[in-house]
Amino acid sequence: MRARLLVAFVLVTVLGAAAAAWSSAGSASRALVDSTQRRLTETVADQVAAVAPQLTYPPDQAALDRLRAAAGPNTLVTYRDLRSVDGADTGLVTEELRGAVRDRGRLVTQRIVTEDDTPWLLVGTPVVATSPDGARTPSGIEVYAVRDLSEVEERIDGLTESAIGTAALALPLAVLLALLAARGVLRPVRDLRDTARRLTAGDLGARSEPQGADELAELTVTVNEMAASLQASMATMSRMQADARRFAADVSHELRTPLATLTAVMEVLETAADGMDADANESARLAITETRRLVRLVEDLMEVSRFDAGTARPRVEDVDVAAAVRDCLRARGWLDRVELAAPAGIVALADRRRLDVIVANLVGNALRHGGPPVRVRVLADREQVWVEVTDGGPGLPEEVLPHVFDRFYKADAARTRTPGSGLGLAIALENARLHGGDLTAGNAEGGGARFVLRLPRHGEDA
Numbered sequence: 001m002r003a004r005l006l007v008a009f010v011l012v013t014v015l016g017a018a019a020a021a022w023s024s025a026g027s028a029s030r031a032l033v034d035s036t037q038r039r040l041t042e043t044v045a046d047q048v049a050a051v052a053p054q055l056t057y058p059p060d061q062a063a064l065d066r067l068r069a070a071a072g073p074n075t076l077v078t079y080r081d082l083r084s085v086d087g088a089d090t091g092l093v094t095e096e097l098r099g100a101v102r103d104r105g106r107l108v109t110q111r112i113v114t115e116d117d118t119p120w121l122l123v124g125t126p127v128v129a130t131s132p133d134g135a136r137t138p139s140g141i142e143v144y145a146v147r148d149l150s151e152v153e154e155r156i157d158g159l160t161e162s163a164i165g166t167a168a169l170a171l172p173l174a175v176l177l178a179l180l181a182a183r184g185v186l187r188p189v190r191d192l193r194d195t196a197r198r199l200t201a202g203d204l205g206a207r208s209e210p211q212g213a214d215e216l217a218e219l220t221v222t223v224n225e226m227a228a229s230l231q232a233s234m235a236t237m238s239r240m241q242a243d244a245r246r247f248a249a250d251v252s253h254e255l256r257t258p259l260a261t262l263t264a265v266m267e268v269l270e271t272a273a274d275g276m277d278a279d280a281n282e283s284a285r286l287a288i289t290e291t292r293r294l295v296r297l298v299e300d301l302m303e304v305s306r307f308d309a310g311t312a313r314p315r316v317e318d319v320d321v322a323a324a325v326r327d328c329l330r331a332r333g334w335l336d337r338v339e340l341a342a343p344a345g346i347v348a349l350a351d352r353r354r355l356d357v358i359v360a361n362l363v364g365n366a367l368r369h370g371g372p373p374v375r376v377r378v379l380a381d382r383e384q385v386w387v388e389v390t391d392g393g394p395g396l397p398e399e400v401l402p403h404v405f406d407r408f409y410k411a412d413a414a415r416t417r418t419p420g421s422g423l424g425l426a427i428a429l430e431n432a433r434l435h436g437g438d439l440t441a442g443n444a445e446g447g448g449a450r451f452v453l454r455l456p457r458h459g460e461d462a
């Protein structure tokens, strides 16, 4: 913007100065030419008028010579077949000029330029005879004078060069004025840009000082008002989020003790359920299932609250990833339902408990919502380890993919009563990032969902 403003200002200033200088030079040139032409024409007319009364009519050759000498060099005097000539330039007299003198019966001028670019002024005038009674009649004598305008042309060229010089002198002044103007105009723009950058970087207290009372000052005030509104909104949102997280954490914590008691009661109830009648047994089984679901939900909420509070810390150690994945599947009785391809000896620095949580969530999700076969592969290079979980189900719809790791998100409304809390994949992603890794979701080439866990082998990435 600065460059465009400078160029536009300089162009306008220089073009304005050039146009003014050129116009002045043109006016001066026209005035100079008209003045010179008038002077030369009057001189020829006066010289002819001074000699005309002394001539005899009809004139002889001597009279024509005397009239030609009085009119000056480069002059042609004619009377019928008689001619008196002085100078070779009289050949420039045109038939057009001769015809105009005869037809009009008065002084006529014509400007011409020869092939060598020399400008000439042609003056033609008839000689009028005055009788004793004052009557004026054409005498038949015609005088033609040729005058060189080269000197005038040189002076016009000088005026043109002066106009060009004036425009050139205006250039540095225009640049200086443009710099000053750009500085005054662009300073508020730069301030607004810096304020916008600070706001983008998270400094919601950034403001710009309005300067003057123009449109830029109004824009600055508007940006400041917008920033203040945004700051207030963000503060309110942050406070509400903090309150919501604290509420979830407090509720989860307060529920632990009663849930522990309720769990113990449910274990006793489960033992005695077989001896109940059918209706009581079904009610007991439903209560046991819902209690376990509630316990899982509270545990997941507490885990999420630790992530939100930034208090979750991994306890890393050298872990055989293949063995850890196999132990996870064995502990949950999934070894016969999952195809495992995990070469031994792949060691990574990780939190074994959190790695177990990630794998359990991914495999459990594939078994519940995907289709057989469910496959788990462990791959590695020198820097990273990948755990890939795929299933043979219909895969993840395109509209679901962006929300897979959202908390409490369930793609199918019919799954609202499934054992999951809706937080499993979100917790898995947080645990992956806690290791300095990542967790991605997509669809396999042959169909089915595909989740890939990436972990650095030597701790969190730099």
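Here the sequence shown is numbered in the UniProt record's numbering, starting from 1 and rising by one per residue.
Ideal Cβ placement from N, Cα and C applies to all residues, glycine included.
Straight-line spacing of the CA atoms in Arg337 and Val325 works out to 14 Å. Rounded to whole angstroms, the gap between the alpha carbons of Thr440 and Asp277 is 48 Å.
In the three-state DSSP reduction, Ala228 falls in the helix class (H, G or I). DSSP, reduced to helix, strand and coil, places Leu107 outside both helices and strands of the structure shown, so it counts as coil. Scanning its chain for C-beta atoms nearer than 7 Å, with the 5 sequence neighbours on each side dropped, one finds around Asn443 the residues Gly395, Leu396, Ala449, Arg450, in chain order. Assigned with DSSP and collapsed to three states, Ser208 falls in coil, not helix or strand. In this structure, Ser84 sits away from Arg102, with a CB-CB distance that is not shorter than 7 Å.
The beta carbons of Leu40 and Val123 sit about 7 Å from each other, so the pair counts as a contact at 8 Å. Inter-residue distance for Val304 and Thr222 is about 40 Å (C-alpha atoms, whole angstroms). In this structure the stretch 425–441 lies against the stretch 400–411, because at least three pairs of beta carbons, one per stretch, are closer than 8 Å. A straight-line Cα-Cα distance of about 12 Å links Asp65 and Val48.
By the Cβ-count criterion, Gly202 is exposed, with fewer than 16 other Cβ atoms from all chains shown falling within 10 Å of its own Cβ. Under the three-state reduction of DSSP output, Glu115 falls in the coil class, being neither helix nor strand. Val404 sits in coil when the DSSP states are folded into three classes, being neither helix nor strand. The three-state secondary structure of Asp327, taken from DSSP, is helix.
Counting C-beta pairs with one atom in each stretch, the stretch 44–59 and the stretch 149–157 have fewer than three that are closer than 8 Å, which means they do not touch.
DSSP places Arg285 in the uninterrupted alpha helix (DSSP H) bounded by 278–309.
For Thr94, the three-state secondary structure derived from DSSP is coil. With a threshold of 16 other beta carbon atoms within 10 Å, Glu42 falls short and is exposed.
Three or more Cβ pairs closer than 8 Å define a contact, and the stretch 308–318 falls short of that threshold against the stretch 338–346. Here Asp86 really is in contact with Thr75; their C-beta atoms are around 5 Å apart, less than 8 Å.
Apart from sequence neighbours up to five positions away, the residues of its chain that approach Met234 with a beta-carbon distance below 7 Å are Leu204, ordered along the chain.
About 6 Å separates the beta carbon of Thr291 from that of Leu262, a gap short enough to meet the 8 Å contact definition. Around the beta carbon of Ser150, fewer than 16 other beta carbons lie within 10 angstroms, which makes this residue exposed. Between Val385 and Val321, the C-beta gap is smaller than 7 Å, which places the two residues in contact. Of the residues assessed, His435 falls on the buried side of the cut-off, its CB having 16 or more other CB atoms within 10 angstroms. Annotation: Leu149 is outside any beta strand (DSSP E) and is labelled neither H nor E by DSSP. Residue pairing from DSSP places Pro126 in a beta bridge opposite Glu142. Per DSSP, the unbroken beta strand (DSSP E) holding Ala348 starts and ends at 347–350.
When DSSP reads this structure, Val452 sits in a beta bridge with Glu388, Thr440.
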